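As structure tokens, the structure follows; a few thoughts come after it.
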Amino acid sequence: MRDIFRKRRMWKFATELKPRYDVVIIGGGSHGLATAHYLREHGIADVAILEKSYIGSGAAGRNTTILRSNYKTPEGARFYDASVKLYEGLGADLDFNLLFSQCGHLTLAHSDRAMFVMANRAEVNRLEGIDSQLIGPDRVQELAPAMYVGPDTTYPIMGALYHPPGGIIRHDAVVWGLARSAFEGGAEIHPYTEVTGLRRQGDRITTVETDKGSIEAGVVLNCTAGWSSVIAEMAEMQLPITTHILQACVTEPVKPFLDVVVVSSQMHVYISQSDRGEFVMGSEIEPWTTYRMQNTLNFLQDLTRHTLELFPQLERARLLRAWAGLCDLSPDYSPILGKTEIENFHVSAGWGTYGFKAAPIVGKMLAELVATGKTPELIAPFALERFYTDELVSELAAAAVSH
Amino acid sequence: MSGGRLAENGGQRIRRGEELRFTFDGDSRVGLAGDTIASALYAGGQRTFSRSFKYHRRRGELCGCGQCANSLVTVDGAPGVRACGEPLRDGMQVEHQNAWPSLELDVMRATDLVGGPFTPPGFYYKTFIRPRRLWPLYEKVLRSAAGLGKLRRRQPEREWRTEYRRRHCDVLVVGGGIAGLSAALRAAQLGADVVLCDEDVEPGGSLLFEGGHERARDLAARCREAGVEILTRAPGLGYFDGLVPVWQGDVLHQVRAARHVAATGTLAQPLVFPENDLPGVMLAPGALRLAALYGVDPGRCAIAGVDDRALETALSLHRLGVQVAVVADLRPDADSELTAALETAGIELMRGVTPVRAGGSKQLAEVQVGPVDPSGRLRGSARRIACDVLAVAGPQAPASSLLLQSGARARFDDTLQSFLPQEAPPLIHPAGAVAGHADAESAMLSGAVAGAEAALALGFGEREDRDRLASERAKLEAEAPTVRRAAPPAKSHDGGRGKAFVDLDEDITAKDVAYAAAEGYDSLELSKRYTTVTMGPSQGRFSQLASARVLGEVTGRPLGEIGVTTARPPWTTVPMGALAGRPFEAAKRSSIHARHRDLGATVRWAGDWRRAYDYGDVEGETMAVHEGAGLIDVSTLGKLIVRGPDAGELLDRLYPNRMSTLKPGRIRYGVLTSESGRISDDGTVCRLDDDTFYVTTTSSGATAVERWFTWWMASWPELDVTLTDVTQGVAAMNLAGPGSRDILAKLTDADVSNEGIAYLDGPQLAIAGIDCLVLRIGFVGELGYELHCAAPQARGLWDAVADSGARPFGLEPQRILRLQKMHILVGQDTDSETTPYGANLDFAVKLDKEQDFIGRWALEHYEERPPAQKLVGFTCPGGEVPTEGAAIVEGDRVVGQVTSSRRAPKLESSIGLALVEPRLAEDGASISISDDGRRIAAAVQTRPFYDPDGELLRS
């Protein structure tokens, strides 16, 4: 309790770039900062994190804070399960309350086809030791008493995939806790420092150019959700990625009555109620590619209409704010993580809507990769190489809106 | 005692004879027609309107125009209503929010009295970390204290009818102050179709309460005469690439204008000093509105400000008959006509002073003012002034949200001490105070210029109009802003205790922002996210500048460098029901659908379609197809006509097999793949004549296939071919079963024998007098004819066939029947990685054909990269029917999944399809299915369960 009386400086942002760092992390979001945090375990401290805006300004600060591990593929489920487990202990590790509420996660099924996908996921998850089950409408009603689960709606609820360990966390707290740890471990955080170019010689990146000057780097990590393909292109490398926007919004706070995360793929909506009482809602990734993070009216109209199918009492709840963020989509909706054709250039990219859920495990794995030079087994399936060897890890069928 | 009504004057909105009765927390209250809820409450002596979010402090009248969170109440069950903007209606039930047990006695007030030091910004990040198992408990406590308004816990359906209205116009003017009215009038006079929207119940903006009401009402009348459509109580919510949604009660106007005029005005800003949230501390326009529009006597007023606006407010209030105690002007050297007027009016003006503390228990009783040093600390002693109201006039801030959303940038203006939007995109014309033209005359001129620019750019007007615009523009630009404004300190205070709020919505004090900055949250965005400053219901309108000033002070950076946060829609918080419009979902129904309903079908969604799943007897319907004849509506199939000399070539490039060699009147199965050789859809192709092919797709894939074809046709302009999607215009039904030939014979004179219509023939015949394309194919595994006809005639055809003895069967029996034949359902028995080889469709891939085709490269490499999974059939000897989606396992390792499973009544066994690792794709291989924890043994079978050689189909 003592802590709350004490002003404790979280970090001091760096202002001058050194000429060289062992590790240069491009992107001061959850992945970049988590990597710096876990590099401490390997005693690697000569690290610079380059962020073109403020820390957590990209996907880390724009996502809807949902965590879960009930993925479709065994590879995915295993990986995200490891992430949720790290998240469970991360608050204590960082000595920062991340407000992780494992309130449970419901993915509604309104059709035979959806029931099929849910059953498959439940089965794969259970075999991976993940608590994930197919439940009927009565149980859905018990878990979400405020939701209308009647047979007379436009899209009757046939069942749901229930994932008790899923839930919501405070995304900014994750960023800040990790940033403090990175800073305390000796890493330099450079906000408002934009990477403008990468100089490549053969199989190596030699120099990272920024708007504040050029630096040499031992290893360069590309942790820039949204701009990962742009950064890769600076290294004369192409990533099989398209960039889209994802939109979300929040209502004015009302007294809480929804204690679980509800997702409906068919209606393209997901919704949860924060500890402040705000309803946080989002939709699916927009099908067009763009870097323009602006909302569309269609989004607001469709999302509210669909949300009201599930929660008619929200018709008088007031929408407070909407925003948009960038999502990098890979061909199989699984990430591109680890080594590339460039020896000292590793990527964490192509996360679609799943990046934030994976932050701690990505950090841990990338740190291990940097420290040992070897790809950890857990992330081997997500290698960029898979698009050449045709060994995809397809989360596609589960993807429609699966936050 | 304050709070009564003032004498009548021309500007008031209230109608004194008309009393309205309403209740506030159950007590009956009286107001007048024309009142807002807040003005009626205030006139009745109510000073506390709400309790604050975190500390549950009393909050009262603040902005007087529906923009702040102080007046949030629940009206007739709807939370979040702004009492100070909401017109009073007879019989309204108004309730307070966020206080228990009552507004007067709120136990959560304890958080303010004792909790202050315990709840610095972000305290929850630093506490309850260990032990983790207790966090859910703490969270429960936090949640129980969260939220403002209350919604019903259960509600079976929407009760509020809302509508969209689409409105296209030449010019949309957002904001009906003098600049907006002037812009609308000029544009309309030049001939443009103009819509003007304003948040208030009438246009006029600040003219209405600053003595210009007659001029405002005259301008509005002239606008109406000129044909301007004026929407009131109608905020523009955002700028979506030229589309502006305007919310007005039950209607969301989607206004698409060729040009926009942003005349959104400015927002009054608070000053920061201890206890600056006491009921009675108001923004200057809030106090003025009470007096001028609603004839409410606010009580004895003190006024504090940084520029002439404070003096103007004092004079206006005085003219309206309100007692003005004193004006505290931060400028040490205020001297103008206004100061003389104050003197004449007998109002004391204190120069070089600002409030350093407000005092009072339940409401304001006194304010202390005095000179302060640059850090805001009182120099010397303060003077106490007894008053009921302190009207505060900080530096006005442009209401620039719409402009910033459209792409304008915010630049700090030292003279105005606020951020002005600059570099607006060419289709949006800023006008009036938001563009820096604050006084009435220059706002009027700037409006006229903006209106003329918009209209002239659209081709309205003549040469002389252009000349006039040019001279007006020159005149406007020549007008140097003459504002003399003092920069207020981030916080002024006397060094004593007490909370000085920068954000009333979120209960954030100046100290909180400074505290957070010292911890490292020293940029506006980080500060916002950490302290939650500006994140409340008023969206930072009254808190962003104040918090930026605190940040500037503690970090030593100028305000211009601190910047502003991104402007986001919606400008005004808007009920979700208003955005949602009608609870309307588009659904597709076949032209035969009414028949299915007559027959009592179970209707469910199948993609976008509403389809008959069964007619109540799945087994009976299934057996009818085996034993007699059945009839199923398959109008949902995608249907494309590909026509032209190169139609065959196009199909050869899209399908892995040959379609160009198909003879007219013959049918071939085809599977579509992506470039990577993955199955995307399947269906049949029938050649109608030399140049014409009739392509069917799956029901759910129809749109995607049409887009796929179109995409590639655009990529191959050398092909002379056209594509027509006839999915909706052509209906289809499948007549199947051993008795189907006899039924067909009754309905046509054509030769329907096995020689007349052979398997995979596609003749065009009249059936029951209706022109049909008859496709002899066998999806369900029995002799069958798919009859395609014009949709309007389909119900007649259906009746004729059914009356001849075919029993209607639904989707569910069809699924059983096709499963017996191992006919795949794309998307169910295939996933995103399945290739034709994986789905045993090798026969549909012709690698020996000359053309390149989509997916060829990937399919050619099949030898090198065999599919990860192969589709096989299986039977469960134990008779269990595993859940579709269940896993195939070896130990605990997943090696596949069940894609389809059913009990087949004809075979009296449990059958299914599964995707498994190729090594398991052997007849007789035993596999283990993990289904919700139980294990089911199954045996692999690679040939169809029913009629494996297709003899029935061909006979």
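Residue numbers (the working numbering), protein chains in the order written: chain F, 1 to 403; chain R, 404 to 1358.
Think of the CB as a built atom: it goes at the ideal place given N, C-alpha and C, for glycine as much as any other residue.
Since the structure is predicted, the reported quantities are computational estimates derived from the model, not experimental observations.
Contacts that residue i makes with chain F (C-beta to C-beta distance below 7 Å)
i         : result
R/Asp1295 : Leu127
R/Lys894  : Neighbours of R/Lys894 on chain F: none; closest Cβ ~18 Å, over 7 Å.
R/Pro1141 : Residues of chain F passing the Cβ test: none, with the nearest at roughly 29 Å.
Cutoff 8 Å: residue i Cβ touching any chain F Cβ
i         : result
R/Gln1300 : yes
R/Val1292 : yes
R/Thr1286 : yes
R/Glu622  : Reading the sequence as shown, one finds Leu at residue 622 of chain R and not Glu. So no, R/Leu622 is outside the interface.
R/Glu542  : yes
R/Ala1340 : no
R/Leu1220 : no
R/Glu566  : no
R/Met495  : no
R/Arg992  : no
Which residues DSSP lists as bridging residue i, in chain order
i         : result
F/Leu446  : In the structure as shown, chain F begins at 1 and stops at 403. Residue 446 of chain F is therefore absent and cannot be evaluated.
F/Trp11   : BP columns for F/Trp11 are empty, so no partner.
R/Leu593  : None, per the DSSP bridge assignment.
F/Val24   : F/Ala48 and F/Val220
F/Trp323  : F/Ala248
R/Asn1137 : R/Ile1035 and R/Glu1189
R/Phe531  : Per DSSP, none; premise fails for R/Phe531.
Which listed residue (the options) has its alpha carbon closest to that of residue i
i         : options                                       : result
R/Leu1244 : R/Arg1046, R/Glu1283 and R/Ile1082            : R/Ile1082
R/Thr477  : R/Ala1290, R/Asn501, R/Ala731 and R/Val1133   : R/Asn501
R/Ala694  : R/Ser1079, R/Leu1147, R/Gly414 and R/Ala1107  : R/Gly414
F/Phe100  : R/Val517, R/Phe531 and R/Leu506               : R/Phe531
R/Asp732  : R/Asp910, R/Ala889, R/Pro1048 and R/Gly1051   : R/Ala889
R/Leu1091 : R/Gly683, R/Arg1069, R/Ala748 and R/Arg712    : R/Arg1069
R/Arg1322 : R/Cys1279, R/Ala1307, R/Val1275 and R/Leu1356 : R/Val1275
F/Ser30   : F/Val254, F/Glu75, F/Arg9 and F/Arg62         : F/Arg62
R/Asp1128 : R/Ser1118, R/Ser1143 and R/Ala1105            : R/Ala1105
R/Ala802  : R/Ala841, R/Asp1123 and R/Ala789              : R/Ala841
R/Arg1306 : R/Ala1324, R/Val1021 and R/Pro688             : R/Val1021
F/Gly56   : F/Arg40, F/Ala82 and F/Ala34                  : F/Ala34
R/Pro677  : R/Glu740, R/Ala893 and R/Ser1331              : R/Ala893
R/Trp351  : R/Arg1179, R/Leu1053, R/Gly448 and R/Asp1094  : Residue 351 of chain R is absent from the model: chain R starts at 404 and stops at 1358.
8 Å Cβ cut-off: residues of chain F touching residue i
i        : result
R/Gly984 : Gln301 and Arg305
R/Leu646 : Leu297
R/Lys553 : Val254 and Lys255
Minimum Cβ-Cβ distance from residue i to chain R less than 8 Å
i        : result
F/Lys85  : no
F/Ala173 : yes
F/Trp11  : yes
F/Ser101 : yes
F/Ala119 : yes
F/Gln247 : no
F/Trp288 : no
F/Leu90  : no
Residue i: contacting residues in chain R (beta-carbon distance under 9 Å)
i      : result
F/Lys7 : Pro523, Tyr918, Ala921 and Glu922
Contact list for residue i against chain F, beta-carbon separation under 9 Å
i        : result
R/Arg556 : Pro145, Ala146, Phe257 and Gln313
R/Trp650 : Near R/Trp650 there are no residues of chain F at all, since even the closest Cβ is about 10 Å away, more than 9 Å.
Within chain R, partners of residue i - CB distance below 7 Å
i       : result
F/Pro74 : Val1297
What are the residues of the region 966 to 977 of chain R that lie near chain F, defined by any Cβ-Cβ distance shorter than 7 Å? Arg971, Pro972, Pro973, Thr976 and Val977
Taking beta-carbon pairs under 9 Å, can you tell me which members of the region 931 to 943 of chain R lie near chain F? Arg932, Tyr933, Thr935, Met938, Gly939, Pro940 and Gln942
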